[in-house]
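S.K.: Residue numbers (full-length UniProt numbering), protein chains in the order written: chain A, 1 to 348; chain B, 1 to 348; chain C, 1 to 348; chain D, 1 to 348. Here a beta-carbon is modelled for each residue, glycine too, at the ideal position from N, C-alpha and C. The structure follows.
4 protein chains.
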Amino acid sequence: MTFSVAVAGASGYAGGELLRLLSGHPEFVVTTVTAHSNTGQRLVDVQPHLRSLAHLVLQPTTAQVLAGHDIVFFALPHGASGEISAQLDSDVLAIDCGADHRLTSREDWDAFYGGDYAEAWTYGVPELPTRNGKQRNALVGARRIAAPGCNASTVALSMAPGIESDVIEAHDIVTVLAVGPSGAGKSPQVTLLASEILGSANPYAVGGTHRHIPEIKQALRAAGAGDDVSVSFTPVLVPMSRGILATSTARLQPGMTAADVRSAWELAYAHEPFVHVLPEGQFPRTADTLGANSCLLGLAVDEAAGRVIVVAALDNLTKGTAGAAIQSANIALGLPETTGLSVDGVAP
Amino acid sequence: MTFSVAVAGASGYAGGELLRLLSGHPEFVVTTVTAHSNTGQRLVDVQPHLRSLAHLVLQPTTAQVLAGHDIVFFALPHGASGEISAQLDSDVLAIDCGADHRLTSREDWDAFYGGDYAEAWTYGVPELPTRNGKQRNALVGARRIAAPGCNASTVALSMAPGIESDVIEAHDIVTVLAVGPSGAGKSPQVTLLASEILGSANPYAVGGTHRHIPEIKQALRAAGAGDDVSVSFTPVLVPMSRGILATSTARLQPGMTAADVRSAWELAYAHEPFVHVLPEGQFPRTADTLGANSCLLGLAVDEAAGRVIVVAALDNLTKGTAGAAIQSANIALGLPETTGLSVDGVAP
Amino acid sequence: MTFSVAVAGASGYAGGELLRLLSGHPEFVVTTVTAHSNTGQRLVDVQPHLRSLAHLVLQPTTAQVLAGHDIVFFALPHGASGEISAQLDSDVLAIDCGADHRLTSREDWDAFYGGDYAEAWTYGVPELPTRNGKQRNALVGARRIAAPGCNASTVALSMAPGIESDVIEAHDIVTVLAVGPSGAGKSPQVTLLASEILGSANPYAVGGTHRHIPEIKQALRAAGAGDDVSVSFTPVLVPMSRGILATSTARLQPGMTAADVRSAWELAYAHEPFVHVLPEGQFPRTADTLGANSCLLGLAVDEAAGRVIVVAALDNLTKGTAGAAIQSANIALGLPETTGLSVDGVAP
Amino acid sequence: MTFSVAVAGASGYAGGELLRLLSGHPEFVVTTVTAHSNTGQRLVDVQPHLRSLAHLVLQPTTAQVLAGHDIVFFALPHGASGEISAQLDSDVLAIDCGADHRLTSREDWDAFYGGDYAEAWTYGVPELPTRNGKQRNALVGARRIAAPGCNASTVALSMAPGIESDVIEAHDIVTVLAVGPSGAGKSPQVTLLASEILGSANPYAVGGTHRHIPEIKQALRAAGAGDDVSVSFTPVLVPMSRGILATSTARLQPGMTAADVRSAWELAYAHEPFVHVLPEGQFPRTADTLGANSCLLGLAVDEAAGRVIVVAALDNLTKGTAGAAIQSANIALGLPETTGLSVDGVAP
């Protein structure tokens, strides 16, 4: 049995990555693609890397066009999916790659996004350890799923095992991320021009203002963090189109050792097909995850600093967005979780 | 039925790409990987992007280790495959990604490579138009195949349709290529350091000395070029890990028009799954072919200059090397030609 | 004695480079900077690399604001300088970095630019060999100077020596350029986003449509090319913020040898402070010219192809635009030509 | 009066940057350049960007060759300068860009470097606040100076003002750096190949093992940090040839406010020509410091996380190494501190 699929927002970067992965998925068939300003054009003229989908033509993003599919993926700007998704039948699987349905706290939404608040959907990071078991459990049978923020899921996957197992303190987490500009989308703006990014490292949203912070805290609270969870979060744009390399540190709980650390993370991800803890002394590079649905983690304990350092690499468009969405869809529909998803990166 | 596969030279870039593609091939099963200096290590420790092959351990590159497989891919430095491949059974499919078996002329070999000359094997660019039909025909049932040089196949695919159809002159072809450094391999040398390549465009082998020139001429002669075929060939290293963007120009034959040009190229590649001629006014970008087995071509006629300009993009490690090798293997073994190969690039 | 200087268009890339160079010029003092949409802001808030000019505030680009200076540099979009520059006193030195005053042929202007045609000013490439001696001679005492197009001057400097000395044919020149995106300016557009440029080589203006083509032909005609001069010109965007690496080839005139070639180019540039012919076997890299006013040339003769290959590297913003403008200003005003300009690149 | 200068290690990246800056220094004249494996070659053939020094030829690195100069800069691998510098007259100004003379603690040397310990020289970061005033004071009249580690000085300049003024805690500092590969030098190794670095972010020395950690702690102790100073330090290689973007965070001392923070840093660097604190809400990019001797700092206080975030940008080869060396030489010799050094970066 195959499932019919529509992708709303097919002309952007997240939409393009969804389609690249969907075109290789044996159970999903993309029949409809929609966009805002390129309607009437062939998809392949807007996304020239998607040669296998040359038969698709972009249609307008309306509830009518999106109706009648088994699955609808939304890859729209924040705030754009709520109204349309509300018109979909409740048995349609709707997966939103935007932020609209991620936050359970309206207060957080108001503080970091603003505009109309939409209810939270099931969070699409299956591997996340929570106090109630893996987040995967919540995804089985779900019909409304919120794909994660790419930075947020990277940091949450990095820290949650240590929190869930009481190995690290959730207070005073510090994370700094090297990120590629594709996460910022395809809308032209000066700060995202190649001339501004090439040969440079450019910080942004410094000082606790990035919108993924409440999402990280929410995930870590689900893993057992108390109300005093705190995350100093600084993203730095670097000259690679894709990729997130998150260096996250937390203080060890008193009495915890390097062996406890390794044990906590290895246990958390021992059977995960897409999240791999590297051997002692190895640390991940983003290139090793390019185009793959994998998240690679390297661990170190700095005794002198009293901190655990977790370095995580993933592809912001794949495991960070589109791959997570498809993985979640597989789970929701009862398919094997890895269907249509690769763990091998395109390197070098 | 599945075929057992060995890859010799698994720790390099071409070997890594072969394995990335092979790991997704439904009919091929990699059972053996060999290397020179990393024997005894897990493949995944040397090629950390190949998560799905974590069970493989590098063995020494010897005829004994390589014996007993249905297919052996060689991804060794030039000059290294001849002795070992000679010891393989004649019914084993051996595919060499090095240069050893590409040139039919010993004179060319002596002039551009030197060292022992080995006989030419069947050339592994299925789509190439020749005076005897597509090169594909020669690959059916072959058991010794020479995968092409990445630059050579890009230029040959660019120019052969016009030569085979008598639309362009084979004399006075000029081609300039923007190429990523992965084509130069993984051996450390100062000129390939990131500090030397980042933020710079660096020409090399200027003035007719590049080793792929005789290979291009050989392919164009097969397409009908006379002895006066000439190719001015200049490669320029640019800061992208993978990719070849070849701009090739040739003079129009007298009386030929832009319509003749378009018709010649479109006819040549009309039914090709992996070589696509873009619509009028569109030109390819290397990113659109990243990790894909596709070669994209854009055409223009510059009336004022009296020249056809063909811009071709491909991934040097995929369609330029490993993908071509697997595509050729599919043909040789009677499998569907596209098995295990994707036409969609990883972009942006 | 020092000269007072105004820069119109100070918020763009060419304007920024003018100011970077001017801030180190011992005879020029920048007193006025103007912009379009950032007026009232400190220059350094828009151009944060120009720390030494933190005292300057952006003013509107009007004839009144620009009046009263010894020198006015225009770094405006094409078509914007004509009206304002016409209002400057005739003894003010006005230098236009846009295209408005480069072309002597209205027909070329209409064909490649369109809109109102403005008369040509003295062309600002001092080193160019012409049939009447170096272009430098025409710049002495000039008060209206057109700085060159960055691609055009690179190709003209590459080919003019061979044409002026009858060593190469001006018919059937082929040039392919690897160029950084800063030459395309700071206006946001999707094709110039970092995500589109990183990891990719992207051709544009293929097939004889680039606006620098008539400018090249004009310069080569001044060097002695006949009406049959032809240039196949293909630029390729590559992932480096600055730099042009032009590979230009032409057929040798009958009877000419590699020695004739070397002699022609070395003679042409023997005493030039900023244009250097590299020794036999060396070819330039763009990084070696970064931020410098130098143009480096490497020469080869491909006997088999019957062509000279000239590889030229320069920084599009420095020697290609702002440096050429200041060098020309030095000449016009009777200052030592090298004042305030460096020949050393910032590498690696 | 001019000073004669020798540069030992002229073929490497730090040596090249020293020479680029020295060639524009009005009081220093480079008369001698030495190298290890390129002796007898013209400097410009090894460092093709240094066109203005085409008259210099590389000599062997011996005490005899280096004798007789007013100033000797050492840009040698760690461990190589001690023996030779010991043979220089005591009134010669010797400046070491290696690590040999940076650490005052033999214990630190043994733990992080090993091999023979050489005594510490005066530390060459003039702007560093210490409990005894600026480090500049110690440099006046010095004849043995240790140029800083590029990462170490970036972090020390970021944190010292807050420590010296008791605004932040020196315990539990966390810093993550995006760094270009040129800091790792010109020796070929696989991990520094362009293919490995392009399109990727690669961490190294994770977990408290980087050699610059004791140097940072030493500088922060001089600024008033107690023995409990701790620094979690993680460098990440990113695809830009030059540049360091250090994101450093520390906890606020109880009762301290954002205003206290801004005041502390602005006071510390108010009159510094090369270290600039950006206005509220602005953060530095490495490109804005390219080739300049400037260090730009952006400040934020994250109330929710209880941490100060200081983002610092500099060019590892310029302000991080060669520029700091020349700035220190200027001070030592009583020249104006800014002689021959620019504060303007080459951007974009």
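In terms of residue numbering, what span does the alpha helix (DSSP H) encompassing A97 of chain C cover?
M.R.: Position 97 of the third sequence holds residue 97 of chain C. A small fix is needed here, since residue 97 of chain C is Cys in this sequence, not Ala. Note, C97 of chain C: premise wrong, no alpha helix (DSSP H); not H, not E.
S.K.: Run through chain A and tell me which residues come within less than 8 Å of Y13 of chain C, C-beta to C-beta.
M.R.: In the third sequence, residue 13 of chain C corresponds to position 13, counting from 1. Ordered by position in chain A, the residues that pass the 8 Å Cβ test against Y13 of chain C are S195.
S.K.: Using the C-alpha atoms, what's the distance from P26 of chain D back to A63 of chain C?
M.R.: Your numbering for residue 63 of chain C matches position 63 in the third sequence. Your numbering for residue 26 of chain D matches position 26 in the fourth sequence. Cα to Cα, the separation comes out at about 39 Å.
S.K.: Closer than 7 Å between beta carbons: that is the criterion. Which residues of the stretch 229-244 of chain D meet it against chain B?
M.R.: If the cut-off is 7 Å between Cβ atoms, the stretch 229-244 of chain D has P239, M240 and S241 near chain B.
S.K.: Going by CA-CA distance only, name the one from D:V44, D:V125 and D:P129 that's closest to A225 of chain D.
M.R.: On the fourth sequence, residue 225 of chain D is found 225 positions in, with the first residue counted as 1. The option with the nearest alpha carbon to A225 of chain D is D:P129.
S.K.: Within 10 Å of its beta-carbon, does S294 of chain C have 16 or more other beta-carbons around it, so buried, or fewer, so exposed?
M.R.: As a position in the third sequence, residue 294 of chain C is number 294, starting the count at 1. Classification of S294 of chain C: buried, given that the 10 Å Cβ count is 16 or more.
S.K.: Could you tell me the boundaries of the alpha helix (DSSP H) in which S81 of chain D lies?
M.R.: Taking the fourth sequence and counting its residues from 1, the one referred to as residue 81 of chain D is at position 81. S81 of chain D -> alpha helix (DSSP H) spans S81 to S85.
S.K.: Enumerate in chain order the residues of its own chain whose CB-to-CB distance from T31 of chain C is below 6 Å, with the five nearest sequence positions on each side excluded.
M.R.: Taking the first residue of the third sequence as position 1, residue 31 of chain C is located at position 31. For T31 of chain C, where only same-chain residues beyond five positions count, the Cβ hits under 6 Å are S4.
S.K.: Give the secondary structure of V29 of chain A by DSSP, where H, G and I count as helix, E and B as strand, and everything else as coil.
M.R.: Within the first sequence, residue 29 of chain A is the residue found at index 29, counting from 1. Residue state, collapsed to three classes: strand.
S.K.: Closest to S200 of chain A by CA distance: which of D:A325, D:A312 and D:S328 is it?
M.R.: Your numbering for residue 200 of chain A matches position 200 in the first sequence. Residue D:A312 is the option with its Cα nearest to S200 of chain A.
S.K.: Would you kindly report the start and end of the unbroken beta strand (DSSP E) that includes F112 of chain D?
M.R.: The sequence position of residue 112 of chain D within the fourth sequence is 112, counting from 1. Segment R106 to F112 is the alpha helix (DSSP H) holding F112 of chain D; no beta strand (DSSP E) there.
S.K.: Does the Cβ-Cβ distance between S90 of chain C and D344 of chain D come in under 8 Å?
M.R.: Here residue 90 of chain C corresponds to residue number 90 of the third sequence, with the count starting at 1. Here residue 344 of chain D corresponds to residue number 344 of the fourth sequence, with the count starting at 1. No, Cβ-Cβ distance for S90 of chain C and D344 of chain D is not below 8 Å.
S.K.: What are the partner residues of R144 of chain B, as DSSP defines its beta bridges?
M.R.: For this step, residue 144 of chain B is matched to residue 144 along the second sequence. Looking at the DSSP assignment, R144 of chain B forms a beta bridge with B:A94.
S.K.: Starting from I163 of chain D and walking both ways along the beta strand (DSSP E), at which residues does that stretch end?
M.R.: Translated into positions along the fourth sequence, residue 163 of chain D becomes position 163. Unbroken run through I163 of chain D is the alpha helix (DSSP H), C150 to E164; no beta strand (DSSP E).
S.K.: Hey, how far is the Cα of G185 of chain C from the Cα of G298 of chain C?
M.R.: Here residue 185 of chain C refers to the residue found at position 185 when the third sequence is read from its first residue. Here residue 298 of chain C refers to the residue found at position 298 when the third sequence is read from its first residue. Spanning the two alpha carbons is a distance of roughly 28 Å.
S.K.: Count the other CB atoms within 10 Å of the CB of R131 of chain D; is the residue buried (16 or more) or exposed (fewer)?
M.R.: As a first step, residue 131 of chain D must be located in the fourth sequence, where it is residue number 131. The residue in question, R131 of chain D, is exposed, as its Cβ has fewer than 16 Cβ neighbours within 10 Å.
S.K.: Take the Cβ of Q41 of chain C as the centre, count every other Cβ of all protein chains shown within 10 Å, and call the residue buried at 16 or more, exposed below.
M.R.: Walking along the third sequence from the start, residue 41 of chain C turns up at place 41. With fewer than 16 Cβ atoms within 10 Å of its Cβ, Q41 of chain C is classed as exposed.
S.K.: Quick check on this structure: which residue in D:I216, D:N316 and D:S263 has the alpha carbon closest to the alpha carbon of F112 of chain D?
M.R.: Translated into positions along the fourth sequence, residue 112 of chain D becomes position 112. Comparing Cα positions, the closest option is D:I216.
S.K.: At which residue ranges does the stretch 208-272 of chain C contain complete alpha helix (DSSP H) runs of 4 or more residues, listed in the order of the chain?
M.R.: 213-222 and 258-269, all fully within the stretch 208-272 of chain C.
S.K.: Check N132 of chain D in the structure and name its three-state DSSP category.
M.R.: Within the fourth sequence, the letter at position 132 stands for residue 132 of chain D. Looking at N132 of chain D - three-state DSSP - the assignment turns out to be coil, as it is neither helix nor strand.
S.K.: Can you say whether D288 of chain D is buried or exposed, counting buried as having 16 or more other CB atoms within 10 angstroms of its CB?
M.R.: Translated into positions along the fourth sequence, residue 288 of chain D becomes position 288. D288 of chain D comes out buried.
S.K.: Would you list the one or two residues that DSSP bridges to F73 of chain C?
M.R.: Within the third sequence, the letter at position 73 stands for residue 73 of chain C. DSSP lists C:V7 and C:I95 as partners of F73 of chain C.
S.K.: Which residue wins for smallest C-alpha separation from A270 of chain B, given the options B:L296, B:L66, B:A325 and B:A250?
M.R.: Here residue 270 of chain B is taken as the residue at index 270 of the second sequence, counted from 1. The candidate whose alpha carbon is nearest that of A270 of chain B is B:L296.
S.K.: Going by DSSP in three states, A194 of chain A sits in which element: helix, strand or coil?
M.R.: Working through the first sequence from its first residue, we reach residue 194 of chain A at position 194. Note: A194 of chain A maps to helix in three-state DSSP.
S.K.: Does the distance from the CB of S241 of chain B to the CB of S182 of chain B come in under 8 Å?
M.R.: Taking the second sequence and counting its residues from 1, one reaches residue 241 of chain B at position 241. Taking the second sequence and counting its residues from 1, one reaches residue 182 of chain B at position 182. Result yes, Cβ atoms of S241 of chain B and S182 of chain B sit closer than 8 Å.
S.K.: N202 of chain C by DSSP, collapsed to three states: which one?
M.R.: To locate residue 202 of chain C, count along the third sequence from 1; it is residue 202. Three-state DSSP puts N202 of chain C in a strand.
S.K.: Between H271 of chain A and chain B, is the shortest Cβ-Cβ distance under 8 Å, so that the two count as touching?
M.R.: Working through the first sequence from its first residue, we reach residue 271 of chain A at position 271. No, because no Cβ of chain B sits closer than 8 Å to the Cβ of H271 of chain A.
S.K.: Just the Cα atoms here: how many angstroms apart are D157 of chain A and E127 of chain A?
M.R.: Here residue 157 of chain A corresponds to residue number 157 of the first sequence, with the count starting at 1. Here residue 127 of chain A corresponds to residue number 127 of the first sequence, with the count starting at 1. For clarity, residue 157 of chain A is Leu in the given sequence; the question names Asp instead. Cα to Cα, the separation comes out at about 8 Å.
S.K.: I need the boundaries of the beta strand (DSSP E) containing L317 of chain A, first residue and last residue.
M.R.: As a first step, residue 317 of chain A must be located in the first sequence, where it is residue number 317. Unbroken run through L317 of chain A: none, as it is neither H nor E.
S.K.: Skipping 5 residues on each side, what residues in its chain have a beta carbon closer than 6 Å to that of G79 of chain B?
M.R.: As a working note, residue 79 of chain B is residue 79 in the second sequence. Counting only Cβ-Cβ distances below 6 Å, and skipping sequence neighbours, we find G115.
S.K.: When the cut-off is 8 Å and only beta carbons count, does K319 of chain C lie next to chain A?
M.R.: Along the third sequence, one-based indexing puts residue 319 of chain C at 319. By this cut-off, K319 of chain C is not an interface position.
S.K.: Could you spell out the range, first to last residue, of the beta strand (DSSP E) harbouring G298 of chain B?
M.R.: One-based indexing of the second sequence puts residue 298 of chain B at position 298. Run containing G298 of chain B: C295 to D302, per the beta strand (DSSP E) assignment.
S.K.: Grab the span of the alpha helix (DSSP H) containing L43 of chain D for me, first residue to last.
M.R.: Looking up residue 43 of chain D in the fourth sequence gives position 43. L43 to V46 is the extent of the alpha helix (DSSP H) around L43 of chain D.
S.K.: Residues in the same chain with beta-carbon distance under 6 Å from A268 of chain B, minus the five sequence neighbours each way, listed in chain order, please.
M.R.: The residue labelled residue 268 of chain B in the question sits at position 268 within the second sequence. The residues are P129 and P161.
S.K.: State the beta-bridge partners of Q59 of chain B as determined by DSSP.
M.R.: Walking along the second sequence from the start, residue 59 of chain B turns up at place 59. Q59 of chain B is bridged to B:T34.
S.K.: Between N330 of chain D and chain A, is there a C-beta pair that is closer than 8 Å?
M.R.: Counted from its first residue, the fourth sequence places residue 330 of chain D at position 330. For N330 of chain D, the answer is no, since every Cβ of chain A falls outside 8 Å of its Cβ.
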